[in-house]
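Novice:
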Amino acid sequence: MKTAVLLGLVLPAFAVAAGNWPQYRGPAASGVDASAALPVTWNVSTGENVRWQTNVPGLAHSSPIVWEDRLYVTTAIQKNAALKVGLYGSIESVPEKDPVQWRLLALDRRTGKVVWDVTAHEAVPRVSRHPKGTHCNSTPATDGRHLVAILGSEGLFCFDLTGRLLWRKDLGPMDSGYFQVPTAQWGFASSPIIHDGKVIVQCDVQQDSFLAVFDVTDGRELWRVARKDVPTWSTPTVVRSAGRVQIAVNGWRHTGGYDFATGRELWRLDGGGDIPVPTPVAAHGLIYLTSAHGRLRPMRAIRADATGDLTPNETGTPNPASAAIVWNHDKKGNYMQTPIVVGDLLFGCADIGLLTCFDARTGEIRYSERVNPRSEGYTASPVSDGRHLYVTSELGNVHVIPATSSFSIAATNALGETCLSTPALAGGTLYFRTREKLVAVGRP
């Protein structure tokens, strides 16, 4: 393990109203809402600590988001859309010939009642999906006035909070798939985020990849920078520290930070896992990055004030900029799940259910344990109420684990359906999206 001295940088909190979960993984992609304790146990069959359950049509892995008294979710409805979960290595795509109807729904946060349901788009998909994926993997985002969503390869859409379409941008075919076998299309999954009146999208695909920022009010493109990387499925993160605002992105050949106002590259890093999926997470003046597949699956911490090319020299000669890599473990990272920081601890869960706890500042490993002795896949990212982690398997088993440096399992609760979507968390309620339902878990 490589370590370095960490200078005292502080990341200010983002100004998001308490109880809102406006994007993938919530405010600043943290995955944490510590404002109220969540239930440790629940039972979807008896209704214990379950506030409501609402059927949602279609097949989608996009997460729900929450703003004030509404919950918003996207879905894709297609005839005979099958889903294959589990630990397997197929790279094949699902052939596409039937049209998909992409829909946007708003639900009452307290009751689960559908308030409105609109058709956003309908067409035969422009690209195919993986058997474990869907045509609606990207989570929408809101600023309380606008609601933006990437609907597969069909473009970037912006609605008001009544479901009225305000504008749409064609981003081109979002051909995301295995870079070594370009015909293996797996479906787009990076989610848009909104910051300071601007929509940020990361489009790393087979050809003509880019990072771009649009005006949320009218869709005007404010800047776009080309990226040269393999397809990724990671959502960008806005990081404010050291007197600057940057967009941090995951990648294989080009992990990096970009100036939010101009798109100017601030730092870059080559290497890691060659199928990047997890989203960057920021805390303690660091940006945490992980990826997997291929030779390496690193978990690493980068100084938020990094500049230049951080890639270590393979020749062994010193690269001064590499000192910005505060700590690194070459083979302790995650494939699908975004890590989570709770207090002074960083947790990462691999797709086989191996949970590793690190000291967030130094990278020291506190434990590495299987959360389940059975063989199950884990795709949804963990979330936390600041007291426990909630780790969901693809079969819908939710492990509740104390957010401490000692491993134990407080409870395991079954959702009763497969679940590959990361839950939303707001004001003491967990919102799970299972294969066919939205389930609200919270104390009465």
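Just so you know, the sequence shown maps onto residues 11 to 454 in this note's numbering.
Glycine included, each C-beta is placed from N, C-alpha and C at the ideal position.
In this text, all values refer to a predicted model and were calculated from it rather than measured experimentally.
Cα separation between Gly187 and Gln195?
Specialist: 4 angstroms
Novice: Excluding sequence positions up to five away, which residues of its chain have a Cβ less than 6 angstroms from the Cβ of Gly452?
Specialist: For Gly452, same chain residues with a beta-carbon under 6 angstroms away, outside a window of 5 residues either side, are Arg61, Gly438 and Thr439 in chain order.
Novice: Within 10 Å of its beta-carbon, does Trp277 have 16 or more other beta-carbons around it, so buried, or fewer, so exposed?
Specialist: buried
Novice: Judging by CA-CA distance, which residue of Val158, Pro328 and Asp108 is the nearest neighbour of Lys89?
Specialist: Asp108
Novice: Residue ranges of each alpha helix (DSSP H) run of no fewer than 4 residues wholly in the segment 216 to 262, ordered along the chain?
Specialist: none
Novice: According to DSSP, is Ala194 part of a helix, a strand, or is it coil?
Specialist: coil
Novice: What are the partner residues of Trp77, as DSSP defines its beta bridges?
Specialist: Arg80
Novice: Whole angstroms are fine: how far does the CA of Trp337 sit from the CA of Ala14?
Specialist: Below a pLDDT of 50, predicted positions are generally treated as unreliable, and Ala14, at 35, falls in that range; the measurement from the model is reported next regardless. Near 7 angstroms, if we compare the C-alpha coordinates of Trp337 and Ala14.
Novice: Which whole runs of the alpha helix (DSSP H) in the segment 308 to 394 are 4 residues long or more, in chain order?
Specialist: none
Novice: Look up Pro202 in the DSSP assignment and say whether it is helix, strand or coil.
Specialist: coil
Novice: Please classify Ala3: does DSSP put it in a helix, a strand, or coil?
Specialist: A question about residue 3 goes unanswered here, because the residues of the chain that appear run from 11 up to 454.
Novice: Just to check my reading of the structure: Gly283 and Ala302 have Cβ atoms closer than 8 angstroms, yes? What is that Cβ distance to the nearest angstrom?
Specialist: Indeed they touch by this definition, with Cβ atoms about 4 angstroms apart.
Novice: Considering Cα atoms alone, identify which of Tyr400, Ala333 and Leu364 is closest to Lys341.
Specialist: Leu364
Novice: Considering only the beta carbon of each residue, do Thr402 and Asn344 sit closer than 8 angstroms?
Specialist: No, the pair does not count as a contact, with Cβ atoms beyond the cut-off.
Novice: Can you grab the Cα-Cα spacing for the pair Ile419 / Pro383, in whole Å?
Specialist: 12 angstroms
Novice: Does DSSP put Val20 in a helix, in a strand, or in coil?
Specialist: Confidence at Val20 is low in this model, with a pLDDT of 33, below 50, so the placement of that residue is unreliable and no value is reported for it.
Novice: Helix, strand or coil: how does DSSP classify Pro476 here?
Specialist: This structure does not reach residue 476, given that the chain is present from 11 up to 454, and the question cannot be answered.
Novice: Please state if the CB of Trp77 and the CB of Gly517 are separated by a distance shorter than 8 angstroms.
Specialist: Because the chain is modelled from 11 through 454, residue 517 falls outside the range shown and cannot be assessed.
Novice: Check for me: the beta strand (DSSP E) holding Lys208 runs from which residue to which?
Specialist: Lys208 to Cys213
Novice: Could you give the distance in angstroms between the alpha-carbon of Leu435 and the alpha-carbon of Glu324?
Specialist: 43 angstroms
Novice: Rounding to the nearest angstrom, what Cα-Cα distance links Phe417 and Phe220 in this structure?
Specialist: 41 angstroms
Novice: Count the other CB atoms within 10 Å of the CB of Arg174; is the residue buried (16 or more) or exposed (fewer)?
Specialist: Classification for Arg174: exposed.
Novice: When burial is assigned at 16 or more other CB atoms within 10 Å of the CB, is Tyr441 buried or exposed?
Specialist: Here Tyr441 is buried. Its C-beta has 16 or more other C-beta atoms within 10 Å.
Novice: Tell me, please, which residues DSSP counts as bridged to Lys447.
Specialist: When DSSP reads this structure, Lys447 sits in a beta bridge with Asn65.
Novice: Which first and last residues belong to the beta strand (DSSP E) in which Tyr268 is found?
Specialist: Thr265 to Asp269
Novice: Are the beta-carbon atoms of Ile160 and Pro105 separated by less than 8 angstroms?
Specialist: no
Novice: So what does Ile419 bridge to, in DSSP terms?
Specialist: None, per the DSSP bridge assignment.
Novice: Which class does Glu58 belong to by DSSP, given the choice of helix, strand or coil?
Specialist: strand
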